[in-house]
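In what follows, a single structure is set out as structure tokens and then discussed.
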Amino acid sequence: MDFKGNEQAQTYFKKCIEHIINKGDDKGFLLLSWPQYIGKMTLIESVIDELVEPQYQLQDLMILRDLSDQWLQLKKLNDKIVNTTHVFKIDTDYSKFEIKLLDGSIYNDFGAREIMDWLDKSPIGKRKLLVMENIERMNKATANAFLKTLEEPLKNRIIICTCSNIQQLLPTIVSRALLINFYENAEVDGLGLGRMGIEKRIAYDPVFQKLAESVKIIDENFLKTSLFSKQFELFTQANDMWVLDLLIWALQVKFVNDPIWSAKFIQAKKYLNSNIWVNTIINNLIFK
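Counting from 1 along the sequence shown, just add 57 to a position and that's the residue number in our numbering.
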């Protein structure tokens, strides 16, 4: 899948990768920031083969996913998962060392100590590449452990991370990063509505398939004429599945040419980032 939008950020990112490859500057920390599901991981995946030869990726590549938004579904596949599933901790919980993902693949769940031990070992090929998704979800102890790794970078080790809320990161971590900022694509592009991560998840994730169905259902006629209870049920279901913010984003883009509804969805996004009760936000959104 070709990465769409954010051309300036893409160009800068690729220049950084070219510098690493061509100039031999084989230690560095790149941070791709904001917003969620824009396709930051897709862009990173497109350069992995350039940084780590495919024949050495089993030993020299580690990709750490943020699975916290999927843990309810993952729990159905593995009853040992009892809490939010995320890689960023100090030690590995060996009861969930391997996690079966929704696409059928198996994922190894590592902690900070395992990550640092892995980085300490020499690469088999030219360099090691560590990719970490949504690092703002680290707790304080893990963030401090990660900071130590950044303060004493090893040669032939590249760290590329994504972040969906940079305000939640330690300033000392941000200060050590080569920061690459991404922005929302204000254009309709398939069911993902400009966010490539959503388009990819729709292919295998039932929650995101439901999100796509909701985007298709909610048109101007639905908002103006359907029963209040029907609208309320649809938005509360999205909230229960942890995709209400994505649904509101998609509808804001869908109704970008309607000043009244677009303003409503923009206001709802602002409310979601505050401490306002979700039901109040929904009521305000659909009240005719």
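Cβ atoms here follow ideal geometry from the backbone N, Cα and C, with glycine treated the same way.
With 16 other Cβ atoms within 10 Å as the buried cut-off, status of residue i
i           : result
residue 350 : There is no way to answer for residue 350, as the model of the chain reaches only from 58 to 345.
residue 337 : exposed
residue 321 : buried
residue 112 : exposed
residue 265 : buried
residue 173 : exposed
residue 65  : exposed
residue 123 : buried
residue 230 : buried
residue 226 : buried
residue 330 : exposed
residue 333 : exposed
residue 209 : exposed
residue 240 : exposed
Beta-carbon gap between residue i and residue j smaller than 8 Å
i           : j           : result
residue 306 : residue 326 : yes
residue 235 : residue 292 : no
residue 98  : residue 219 : yes
residue 301 : residue 271 : no
residue 77  : residue 254 : no
residue 212 : residue 83  : yes
residue 274 : residue 308 : no
residue 190 : residue 100 : no
Proximity to residue i [Cα-Cα], best of the options
i           : options               : result
residue 69  : 324, 238, 83 and 174  : 238
residue 228 : 200, 254, 209 and 217 : 200
residue 184 : 341, 115 and 232      : 115
residue 258 : 84, 158 and 211       : 158
residue 170 : 182, 193, 204 and 334 : 204
residue 286 : 340, 329 and 193      : 340
residue 186 : 192, 161 and 216      : 216
residue 63  : 192, 90 and 262       : 90
residue 168 : 194, 262, 162 and 179 : 194
residue 181 : 189, 155, 160 and 214 : 214
residue 135 : 127, 166 and 156      : 156
residue 314 : 277, 129 and 324      : 277
Same chain, Cβ closer than 8 Å to residue i, five either side skipped, listed in chain order
i           : result
residue 74  : 104, 107 and 108
residue 163 : 155, 156 and 157
Sequence-distant residues of its chain with Cβ nearer than 6 Å to residue i (five each side left out)
i           : result
residue 93  : 221
residue 102 : none
residue 132 : 138
residue 328 : 338
Contacts around residue i, its chain only, beta-carbon distance under 7 Å, and the 5 residues preceding and following it disregarded
i           : result
residue 312 : 318, 319 and 322
residue 175 : 119
residue 233 : 86 and 207
residue 316 : none
residue 296 : 335
residue 262 : 159
residue 279 : none
For residue i: DSSP bridge partner residues
i           : result
residue 163 : 157
residue 185 : 214
residue 237 : 89
residue 73  : DSSP output for residue 73 lists no bridge partner at all.
residue 219 : 89
residue 120 : 188
residue 84  : 214
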